[in-house]
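K.L.:
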Amino acid sequence: MARYDRVIPPGGTGNVTLEIDSNTIRGEFEKKAIVWSNDPERISIALFLKGEVKPHISLDPGGYVSLVGPMGEVPKGYVKIINNHKGPVKITGIENDLPDRVRWRLEEISPGFVYRLEVEDISKKGGDYTAHLTIRTDHTKKPALPLIVRGEIGVK
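Quick note on numbering: the sequence shown equals residues 46 to 201 in our numbering.
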């Protein structure tokens, strides 16, 4: 989004403000805006906005875990929870909507900054399912992180 002074007196100065919505961009970005004027010596000028948007807290490799295996085995998956801020973040809880099929265990790798979440299938029956874990944090801008667990458990 751009905001600017619409009228600038001859010989005066004006302001141009460029903003990006960091909720829709991840990673490195470069945006360009063209400012047009009635100055015959400089009709237009390009302004560039470059940067990198890091999520407050990220899940690596992503917000999805796949548990696949035959009945009787215990398929496991792992996700790293990474705090991208200077101050520590605490995991305050994890909600599980399918506790009869999915069990989790949280390990703190770097206190307040990196956690390892192990997710495993504990099904007593075969079949496919989708579970949802909600990772709760004490971070005001990211109090909840959704994690989808997809299970495909075969019958022996």
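Glycine included, each C-beta is placed from N, C-alpha and C at the ideal position. Bear in mind that the values here come from a model prediction, so they are computed numbers and not experimental data.
For W202 versus I136, is the C-beta distance shorter than 8 Å?
P.N.:
The question about residue 202 has no answer, for the chain in this structure spans 46 to 201.
K.L.:
Just reading off the beta strand (DSSP E) that K99 is part of, what are its end residues?
P.N.:
Careful: K99 lies outside any beta strand (DSSP E) and carries neither H nor E.
K.L.:
Which residues share a DSSP beta bridge with G196?
P.N.:
Partner(s): L112, Y174.
K.L.:
What is the residue span of the beta strand (DSSP E) that K76 lies within?
P.N.:
Element bounds for K76: 72-81.
K.L.:
Relative to the C-alpha of I53, which residue among A47, V61, K99 is closest?
P.N.:
The shortest C-alpha separation from I53 is found at V61.
K.L.:
From I102 to E64, what distance separates their C-alpha atoms?
P.N.:
So the alpha carbons of these two residues sit roughly 22 Å apart.
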